[in-house]
Amino acid sequence: MDTIERIKEQISENTILLYMKGSPKLPNCGFSSQASQALISCEEKFAYVDILQNPDIRAELPKYADWPTFPQLWVDGELVGGCDIIMEMFQQGELQTLVKAAASKNASAEDSSADA
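What follows is the structure in structure tokens.
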């Protein structure tokens, strides 16, 4: 599987996904730290990819996303943005609403598919 296919798969399989430097518990840059703390404050599960451990993704994702910097937040398969946008949305309460809606929609989808 090539890198772009892997990126597409990660985005489609994870409702809330943060591409960042490091991990939420041990971020390797201030921007990744701020972004992950904002997501943690939303109190919903989210996935992350450490781009420092995945240099191929670090190189290819900016081209795929047409977004040059990290972190990058993806919700429901759509790029939300980087640290500035994440923090602005968080301060205005928009991030919490977006994340909670995505998480509950995903939980509902999982519940209904589990019954099938």
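The numbering of the sequence shown is our numbering, which starts it at 579 and goes up by one.
From the three backbone atoms N, C-alpha and C, an ideal C-beta is built for every residue, glycine too.
Computed from a prediction, not measured in an experiment: that's the story for all the values here.
Asked, Found
"How about S619 and P605: do their beta carbons lie closer than 8 Å?", "no"
"Spatial neighbours of G660 within its chain, please: CB distance less than 8 Å, with the 5 preceding and 5 following residues excluded, ordered by chain position.", "F609, A613, W645, T647, F648, P649, Q650, L651"
"Entirely within the segment 621–662 and at least 3 residues each: give me those beta strand (DSSP E) ranges in chain order.", "625–628, 650–653, 656–659"
"Around the Cβ of K599, are there at least 16 other Cβ atoms within 10 angstroms (buried) or fewer (exposed)?", "buried"
"Below 8 Å between beta carbons: does that hold for I585 and I635?", "yes"
"Going by beta carbon distance, what residues of the same chain come within less than 7 Å of A680, once the five residues before and after it are set aside?", "T593, I594, V653, D654"
"Pull up the DSSP beta-bridge partners for I594, would you.", "V653"
"Using a 10 Å radius around the Cβ and a threshold of 16 neighbouring Cβ atoms, would you call A616 buried or exposed?", "buried"
"What residue does the alpha helix (DSSP H) around Q670 start on, and which one ends it?", "Note, Q670: premise wrong, no alpha helix (DSSP H); not H, not E."
"Between T675, L657, Q674, E583, which lies nearest to L596 when the distance is taken from Cα to Cα?", "L657"
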